[in-house]
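**Q**
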Amino acid sequence: MSLDLKVDGQSEDRAEGYAQGILGTPMDRPDGEAKVTGAATYAADEVPEGCLVGMLVRAPGHGRIEVLNLDEVRNSDGVRAVIRDPRMIRNAAQGTANQAPVQGVDKADYIGQPVALVVAESFETARHAAHSLKLRTDGSPGIVNPEDAEPEGEPDTTTGDLDGAMSSAAHSVDVIYTTASSVSAAMEPHATLAWWDGDRLTVRSALQMLKYNRNELADSLEIDPENVRLLAPFVGGGFGSKLGISADAVAAAIAAKELGRPVQVVQHRRQVFETVTRRSETRQRIRLAADAEGRLSGIGHESLVSNLPGEGFAEPVAQATHFAYGGAHRVIGERLARLNRPAAGSVRAPGEAVGVTAFECAMDELASDVGIDPVELRLRNIPDKDPESGIPFSSHMLERSLREGAERFGWAARDVAPRARREGEWWIGTGMAAAFRVNLMMEAEARIALSPEGAVVETDMTDIGTGTYAILTQIAGEALGLPADRVEVRLGDTTFPPGSGSGGSFGAATTGNAVWLAAQEIRQAIAQRMNCDEADLTLKDGTAICGNESRPIAELLDGGSLNGHGHVTAGDAFSDVRQSTFGAHFAEVAVNDVTGEVRVRRMQGTFACGRILNEKTARSQCHGGMTWGIGMALTEGLTHDRRDGHIVNRDFAEYHMAVNADVPPLDVHLLEERDPWSGPLQAKGLGELGICGAGAAVLNAVHHACGVRVRDMPATPDRVLAGLE
Amino acid sequence: MKPFDYVRAEDPAAARKAAATAGATFISGGTNLLDLMKLEVMAPDTLVDISRLPLDGIEDHEGGLRIGATVTNSDLAADMRVRRVYPILSRALLAGASGQLRNKATTGGNLLQRTRCPYFYDTDTPCNKRTPGEGCAALGGETRNHAILGTSDHCIALHPSDMAVAMRALGAQVEVEAADGTTKLHEMDDFYRLPGDTPHIETVLQPGDLITAVRLPAPQGDRQVYRKVRDRASYAFALVSVGAVIRMEQGRIAHAGVAFGGLGTKPWRDPEVDALLTGNAPSRELFDEAADTLLRGAKAQDGTEFKLPLARRVLRATLEEATQ
Ligand SMILES: Cc1cc2nc3c(=O)[nH]c(=O)nc-3n(C[C@H](O)[C@H](O)[C@H](O)COP(=O)(O)OP(=O)(O)OC[C@H]3O[C@@H](n4cnc5c(N)ncnc54)[C@H](O)[C@@H]3O)c2cc1C
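Chains R and Z, in that order, give the protein sequences. 1 is the number of the first residue of the first sequence in full-length UniProt numbering; add one for each residue after it. 1 is the number of the first residue of the second sequence in full-length UniProt numbering; add one for each residue after it.
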């Protein structure tokens, strides 16, 4: 049996009346101890007896690949094979691709493309042999810089007459912002262990979305997905880079088949930088037309992004611009430059991370021009329905976020004019931005087996460090009246029912609702055994209570178990109303007048995303997002060699993510909210909202501090200094 | 990583002997060498491990200090004499790398750390420092952490050390035991070589030469400032750094030792800058003139143009702080 739900309308909030009281609490992660003690194993941690080690080899140039010393390397000590198989993949698959990405090793479309796998008895031997392989390429780099490409595509929204609105506007802004090419930089590098049992392949890998990944891998290998089992019980961060299978998975599976032994392939950090999808650099022209009070009449948000030929993904920069603010005259959309650079794909909050950030900087420029407070400018432009489709919002929490955030931050005390506060060499200023991120739901299934010992939850959903183990424990425990220690959650195995996978902030609400439904099915069975209406049933601490009757669940089970299966899909609730999450960011920065260095002194983020499932893991996600915002604004970016597009800074010494010293105390305020359109849990996604706009608050604060608008991110000292001089 | 032999030296003589064989290299903290070996940028046949030699002491010496070659960056930065009398050195060390790295990194290794030029690290691009005569991918490429002083048509690689900048400002000497057992003393000012057309030769050391210590003279200035500008608040190499050791007498600069990081192909100190400052009363004009002198031969690339104004501003601010 199964309880299936297509989310078409509003759901009732049943959790509110439940008695266990663990949903929403800041419960510690059940997997926390295993992770901090090292007991939790990641993809590269388990090496079986007799395992061979494979090392990918990168293309040093573009075009046809010739290997000059194949036999010599093949025959060197400890080397078992040099594999160049046409099924090997060019780059990681896009999220939810569900099929093989572009394949092949004869020709390199970008520098860094994996074009061979060297397999040896030890890691050191494999690495040295991989390094010894001499490759020659014959191709010219092709087009590697966005400005040299003939872009594809047109804006998807053009309504009214934006040019006219701009020329008749009392206030207007017409600016170009750029954001840097960047990478997810998950702590765990991409890695795979593959072994075969006859025709059956088992793969332990670092992946976010197993049900798609299985099909991607099977399609790449040209085998039946039924014969593929994927395991990813612990994943050391993904941020989009593990949405699709990466080169290590296909190569390890091919090698393991060919050599009849398990093969492990771990990507070196320098390879991760090149072979998995990066976030495209963006060039965003933003136009704002407003009346004398700052009410928007027109919005232009046109972006140039890039990707490799053959990739379907284009960074959806203006995804939130479509509904963030009103204004009748609109030109909104992206164009795509085809470049021979490493492939681009989804990185945490694709679209909004860079789009909201640049747009909210432009809004700050408008506020300056109109001469009103930037918070007030947002408040004046909140639409009462989706400005393009006219459908209502499922909930709209921007005003509350702005007001409560401003209150907590102490925004009212702010000087109006920039360059008003100075402490020694440092200019001090504050800035703010709104946060938006679309709310998505996918399809998910989960099952629960309730036995006298407790409940076991199973789904192939992943926990990529976000806290899935914790929230699914809480959801099942709340619905079944069990304390957390009597709920066991098992994840990351394709023999379990297919969950949503982790991505697009949809994991918690989608798979969470599937678990919720599975529990509801069990509740119905318990109610039946209690001879009562399920609505009158209370479950708490392993006891079922109905009216005056109270019985231990173990007794009701009578030595057996009860099984529930839940299945959720998005329905009309995701098209009849506009679903989004909202928030507000506030930042105080110091800008050094001598050097242009920026230090963030404090940050406040207020967020609304429906029910908070676990207060602690939710807060962690917001901390992470805001930290990413600091990196995007100030430090982080890939450098592509302008001659051939290759990534120059491929290690953590030169690719500058924000480090501890860059991150001040972060105040996170989660607004209490229920969104009945988002499903029975009334929870929305949260993993990405914290990054959307965070960098804009920082850059707007830089302007308020020292009067310099840096429109090219990251705002490294030289870029700030250029304005200070 | 290419297979290699490993020798653990029990005393300096054994170390020198082992290191005198072709293809042998000392390893100390290993924080730079191992990274380079994994990428096969360096591929020694033999590693001579000197980390257990009795070179890890800091002793008073002729009014100054003698710092053993294997003293870690963490220990050196925390030493009370260093903190009190040579604060510039402590500050420079603590401005470098990360806590974990400084726990392993040593005095000798820090002096001899290789450049962070990304093309030097990338064996798929040409580099004259890695393979003499191969060409330089950095020229015409992406530059940022590259030098603008002391460069040549063959190499613009930057010397990335913070510690060495402070040591140059302090007028340190490098104590070396040669393969034949003799001890030599090199002024820091003569220790490093400019790239010219041999960028693979970075110092005056001969094969088998073991750095045993760095000697600091009694400090010639009580006003010591180290200022480092970088792309993030910690754990990044210098875009520009300035170390100044100053003594003031009656409102005039009686001693100036000013050294620079982030600018030169070696830890930079320009005697003309020091001479210009010495004997004069501090003023903005004087400091600007010092910057003019420093940068007179500077050669910036597209990506390093910003270092010219930045160096000027940081030099001025550092001297203002040290002389006020
Ligand atoms: C991510 C990262 C960030 C860093 N950031 C900074 C920074 O901001 N500022 C900074 O200054 N440094 C920085 N460093 C560099 C760090 O300071 C050096 O790696 C370290 O000082 C090297 O010391 P070691 O003892 O580990 O040297 P090793 O790696 O052991 O050796 C380096 C070289 O010195 C030679 N050698 C070592 N000792 C002797 C000796 N006694 N006699 C002769 N030859 C010897 C070795 O043969 C080798 O060639 C950073 C390093 C990393 C990895």
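Built from N, CA and C at the ideal position, the CB exists for glycine as well.
Does the beta carbon of residue 231 of chain Z come closer than 7 Å to any beta carbon on chain R?
**A** At least one chain R Cβ lies under 7 Å of residue 231 of chain Z.
**Q** If residue 219 of chain R and residue 100 of chain R are in contact, beta carbons under 8 Å, what's the gap, nearest whole angstrom?
**A** At roughly 4 Å, the Cβ-Cβ gap stays under 8 Å, so residue 219 of chain R and residue 100 of chain R are in contact.
**Q** So that I know if they touch, is there some Cβ in chain Z lying closer than 7 Å to that of residue 538 of chain R?
**A** So, not an interface residue.
**Q** Which whole runs of the alpha helix (DSSP H) in the segment 230-287 of chain Z are 4 residues long or more, in chain order?
**A** Runs found: 271-277.
**Q** Classify residue 81 of chain R as helix, strand or coil using the three-state DSSP reduction.
**A** DSSP places residue 81 of chain R in strand when its eight states are reduced to three.
**Q** Are the C-beta of residue 648 of chain R and some C-beta of chain Z separated by less than 7 Å?
**A** Chain Z, which has a Cβ nearer than 7 Å to the Cβ of residue 648 of chain R, makes this yes.
**Q** Is any heavy atom of ligand 1 found at a distance shorter than 6 Å from the C-beta of residue 543 of chain R?
**A** No - ligand 1 has no heavy atom lying nearer than 6 Å to the Cβ of residue 543 of chain R.
**Q** Between the segment 580-611 of chain R and chain Z, which residues of the former have CB atoms less than 7 Å from a CB of the latter, in chain order?
**A** Residues passing the 7 Å Cβ filter: 594, 595, 597 and 599.
**Q** Which residues in chain R sit within 8 Å of residue 313 of chain Z, going by Cβ to Cβ distance?
**A** Going along chain R in sequence order, the residues near residue 313 of chain Z (Cβ under 8 Å) are 594, 595 and 721.
**Q** Using a 10 Å radius around the Cβ and a threshold of 16 neighbouring Cβ atoms, would you call residue 226 of chain Z buried or exposed?
**A** It counts as buried.
**Q** Please confirm whether residue 277 of chain R has its beta-carbon closer than 7 Å to some beta-carbon of chain Z.
**A** It does not: the Cβ of residue 277 of chain R has no partner Cβ on chain Z nearer than 7 Å.
**Q** Please work out which residues of its chain come closer than 7 Å, Cβ to Cβ, to residue 300 of chain Z, disregarding the five sequence neighbours upstream and downstream, and give them in chain order.
**A** Correct list, in chain order: 148, 307 and 308.
**Q** On the three-state DSSP scale, how would you describe residue 93 of chain Z?
**A** Residue 93 of chain Z: helix per DSSP, three-state reduction.
**Q** Inspect the beta-carbon positions of residue 341 of chain R and residue 144 of chain R and report whether they are closer than 7 Å.
**A** Yes.
**Q** With residue 553 of chain R as the anchor, note down where its beta strand (DSSP E) starts and where it stops.
**A** Residue 553 of chain R -> not in any beta strand (DSSP E); alpha helix (DSSP H) instead, spanning 553-557.
**Q** State yes or no: is the beta carbon of residue 234 of chain Z nearer than 7 Å to at least one beta carbon in chain R?
**A** Taking Cβ atoms only, chain R reaches closer than 7 Å to residue 234 of chain Z, which makes this a yes.
**Q** Are the CB atoms of residue 475 of chain R and residue 424 of chain R within a distance shorter than 7 Å?
**A** Their beta carbons are not under 7 Å apart, which means residue 424 of chain R does not touch residue 475 of chain R by this criterion.
**Q** Look up residue 562 of chain R in the DSSP assignment and say whether it is helix, strand or coil.
**A** Residue 562 of chain R: strand per DSSP, three-state reduction.
**Q** Could you name the residues that DSSP lists as bridge partners for residue 37 of chain Z?
**A** For residue 37 of chain Z, which the question treats as bridged, DSSP gives no partner whatsoever.
**Q** Assign residue 33 of chain R to buried or exposed, taking buried as 16 or more other Cβ atoms, counted over all protein chains shown, within 10 Å of its Cβ.
**A** Under this definition residue 33 of chain R is an exposed residue.
**Q** Could you give the first and the last residue of the continuous beta strand (DSSP E) run that contains residue 58 of chain R?
**A** First-last of the beta strand (DSSP E) with residue 58 of chain R: 52-58.
**Q** So, for residue 449 of chain R: in the same chain, excluding its five sequence neighbours on each side, which residues have a beta-carbon less than 6 Å away from its beta-carbon?
**A** If we look at residue 449 of chain R and ignore the five residues flanking it on each side, its Cβ neighbours are 456, 561 and 563.
**Q** Mark residue 559 of chain R as exposed unless 16 or more other C-beta atoms lie within 10 angstroms of its C-beta, in which case mark it buried.
**A** By the neighbour-count rule (16 or more Cβ atoms within 10 Å), residue 559 of chain R is not buried but exposed.
**Q** For a cutoff of 7 Å on Cβ pairs, would you count residue 1 of chain Z as touching chain R?
**A** Yes, residue 1 of chain Z counts as interfacial toward chain R.
**Q** Contact check, residue 220 of chain Z vs residue 257 of chain Z under 8 Å by CB: the rounded distance?
**A** At roughly 7 Å, the Cβ-Cβ gap stays under 8 Å, so residue 220 of chain Z and residue 257 of chain Z are in contact.
**Q** I need the straight-line Cα distance from residue 186 of chain Z to residue 174 of chain Z, nearest angstrom please.
**A** If I take the Cα positions, the gap works out to 5 Å.
**Q** Is the Cβ of residue 60 of chain R closer than 7 Å to any Cβ of chain Z?
**A** Taking Cβ atoms only, chain Z reaches closer than 7 Å to residue 60 of chain R, which makes this a yes.
**Q** As an exercise, report each continuous alpha helix (DSSP H) stretch of at least 4 residues that is fully enclosed by the segment 488-575 of chain R, in chain order.
**A** If we require 4 residues or more, the alpha helix (DSSP H) runs fully inside the segment 488-575 of chain R come out as 507-529 and 553-557.
**Q** Just the chain R side, please: which residues come within less than 9 Å of residue 205 of chain Z by C-beta, in chain order?
**A** The premise fails here: residue 205 of chain Z is roughly 25 Å from chain R at the closest Cβ pair, so nothing lies under 9 Å.
**Q** Note down the Cα distance separating residue 202 of chain Z from residue 356 of chain R, rounded to an integer number of angstroms.
**A** Roughly 48 Å separates the two Cα atoms.
**Q** Does any heavy atom of ligand 1 sit closer than 6 Å to the C-beta of residue 296 of chain R?
**A** It does not: the Cβ of residue 296 of chain R is nowhere closer than 6 Å to a heavy atom of ligand 1.
**Q** Using beta carbons (cut-off 7 Å, strictly below), is residue 118 of chain Z in contact with chain R?
**A** Answer yes: the Cβ-Cβ gap between residue 118 of chain Z and chain R drops below 7 Å somewhere.
**Q** Would you please verify whether the beta carbon of residue 306 of chain Z is less than 7 Å from any beta carbon of chain A?
**A** You won't find chain A in this structure, because its protein chains are R and Z.
**Q** The alpha helix (DSSP H) with residue 431 of chain R in it runs from where to where?
**A** Element bounds for residue 431 of chain R: not the alpha helix (DSSP H) but the beta strand (DSSP E), 426-438.
**Q** Measuring CA to CA, which of R:173, R:388 and R:469 is closest to residue 360 of chain R?
**A** Nearest option by C-alpha distance: R:173.
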